[in-house]
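Let me begin by presenting the structure, written as structure tokens, before commenting on it.
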Amino acid sequence: MKGIEAENVTAGYDDLAAVRNITFSVDRGEVVSLLGPNGAGKTTLMLSLAGELPLMSGVVRFLGNPATGPLHQRAREGLAFVPEGRSVVSGLTVADNLRLGRGGIDAAVAIFPELKGLLIRPAGLLSGGEQQMLVLGRALGSEPKALLVDELSLGLAPRVVVRLMAAIRNAASETGVAALLVEQQIERAFQVSDRWFILRRGEITANGSRSDGLSAVVEAYSSELPDEAN
């Protein structure tokens with residue numbers, strides 16, 4: 007069953023399209039990585055899928071049904087969105103941040119036991135890795151049907167990234183969530199993904215699956231970089 011679908015999606019800001027004619031899908035129980043250099047349009051696409059940015063054209067479907075409402079409506083229908091950056095309420099405790107989610111405290115702590123000893127601490131005093139565990143635990147604790155994650159590993163230690171990625175993989179395998187992951191660390195993304203797409207200048211230019219091997223992803227990614235690298 008399809009969890010997330012984009013059909014000929016074009017989106018952007020004012021009259022400028024940042025992504026054009028994007029078509030792909032993510033099945034339930036599947037992790038798909040969206041790769042590409044900075045400025046490729048990855049975040050724009052994620053915001054469009056989440057309902058935070060209106061479409062210029064095309065259709066987004068959630069569980070087979072057209073998704074036309076804003077993010078809060080899609081969240082009620084089972085969509086979880088982890089945006090780029092640390093989306094915690096700094097002045098609230100970890101426990102209160104978790105209460106803002108639909109799953110509550112126990113569900114998040116079951117996914118990340120590390121949070122148990124941090125419940126009374128203000129979220130703004132957590133390390134970057136702890137904050138991302140909080141954010142992802144809050145999202146996964148609600149047992150979403152679809153999950154959008156934008157640059158979860160940015161600036162984090164490798165061991166924390168492994169922990170976060172494993173939680174996404176486990177959720178897909180165990181609960182059937184359809185997970186779309188924007189990630190800069192190609193090898194880390196490949197290790198947990200079933201399929202991958204490469205976005206360049208607002209268009210999908212390559213795609214493949216785990217069976218193609220890591221070298222195929224690296225080669226496809228590198229071949230798309232000359233105009234934009236560094």
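Following this note's numbering, the numbering of the sequence shown begins with 7 at its first residue and continues without gaps. Glycine residues also receive a C-beta, built at the ideal position from the N, C-alpha and C atoms.
| Query | Result |
| --- | --- |
| Mapping DSSP to helix, strand and coil, what is Lys-151? | coil |
| Can you look up Asn-44 in the DSSP assignment and give me helix, strand or coil? | coil |
| Considering only DSSP beta bridges, list what Lys-8 is partnered with. | Asp-33 |
| Could you round the C-beta distance between Arg-144 and Leu-187 to whole angstroms and report it? I think they count as a contact, below 8 Å. | In fact, because the Cβ distance is near 17 Å, the residues do not count as touching under 8 Å. |
| Is there contact here, the region 222–229 with the region 54–74, by at least three beta-carbon pairs under 8 Å? | no |
| With a 10 Å radius around its C-beta and 16 neighbouring C-beta atoms as the bar for buried, classify Leu-131 as buried or exposed. | exposed |
| Sorted by chain position, which residues of the same chain lie with C-beta nearer than 7 Å to Ile-117's C-beta, five sequence neighbours on each side aside? | Gly-143, Leu-146, Gly-147 and Ala-173 |
| Which of the three DSSP states is assigned to Ala-73 in this structure? | coil |
| In or out: Lys-41 buried (at least 16 other Cβ within 10 Å) or exposed? | In the sequence as displayed, the identity of residue 41 is Leu instead of Lys. Buried, since its Cβ has 16 or more Cβ neighbours within 10 Å. |
| Return the CA-CA distance between Asp-112 and Ala-185, expressed in angstroms with no decimal places. | 22 Å |
| In whole angstroms, give me the CA-to-CA distance for Arg-201 and Thr-16. | 22 Å |
| Flag Val-183 as yes if its beta-carbon sits less than 9 Å from any beta-carbon of chain B, otherwise no. | No chain B appears in this structure, which consists of one protein chain only. |
| Is the number of C-beta pairs between the region 85–95 and the region 153–167 that are closer than 8 Å three or more? | yes |
| Taking buried to mean at least 16 other C-beta atoms within 10 Å of its own C-beta, is Gln-137 buried or exposed? | buried |
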